[in-house]
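Structure first, commentary second.
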Amino acid sequence: LIIPDLPNDFSAAMAQLEALVRANPQALLVGSSLGGFYATYLHHRYANPALLINPAVEAHLRFEHYVGPQTNYHTGETWDLTAEQIKQLTPLAVAPPKAGAKIQGWLQTGDETLDYRVAERYYQDCVVEVEQGGDHAYKGFAQRIPEILALAGIANA
């Protein structure tokens, strides 16, 4: 199980993720929000199975209103998101996955940040579960950890 601490710079984050995927070619990719956008690209490029939790779709087109000061809520680090940084996401945009893609999506209708219907349409040929209510952080995530471990082929300890 690898949980990377990614830099705020999108290009550097992707370089780190690609190195991890190349070193772990069968790994299940699990990504939430922007991590779901990253995981979609990595699945497209390397064919790893992916679980996307309230994923950002077309992040390169939807992040303009986030330009300015940001806080990494995991580390407390503050940084400024620029329009130039958002352009780093453009090469990571891929066509919607086709039927048979090893992608599963978990969406909650109460996501206050992203419209779940956008992801539901984008991933329409994948296995997508839409849960009523919830929020962007995915309410009830802890209860679903055994499912994630099973998808990853890790025995539940």
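Number 70 in UniProt numbering belongs to position 70 of the sequence shown; there are no gaps in the numbering.
Beta carbons are placed, not taken as given, at the ideal position from N, Cα and C, and that holds for glycine.
Taking C-beta atoms under 8 Å as the contact rule, Gly36 and Asn48 fail to qualify, at a distance of about 13 Å.
DSSP places Leu29 inside the beta strand (DSSP E), whose first and last residues are 29-33. Here Ala155 carries a coil assignment [DSSP, helix/strand/coil].
A Cβ-Cβ separation of about 6 Å places Gly31 in contact with Leu52 under the 8 Å criterion. Collapsing the DSSP output to three states places Gly133 in coil.
Going by DSSP, Leu81 is part of the beta strand (DSSP E) stretching over 78-81. Distance between Arg45 and Gly133, taken at the CA atoms: about 33 Å. Taking Trp79 as reference, the option from Gly68, Leu89, Ile86, Gln88 with the minimal CA-CA separation is Gly68.
By the Cβ neighbour-count rule, His43 is buried, with 16 or more other Cβ atoms within 10 Å of its own. In the DSSP annotation of this structure, Ala95 is not part of any beta strand (DSSP E), being labelled neither H nor E. Given a length threshold of 4 residues, each whole run of the alpha helix (DSSP H) inside the stretch 36-68 is given here in chain order: 59-62. Pairing Val130 with Leu107 gives a Cβ-Cβ distance under 9 Å. With 16 or more other Cβ atoms from the protein chains shown falling within 10 Å of its own Cβ, Ala50 counts as buried.
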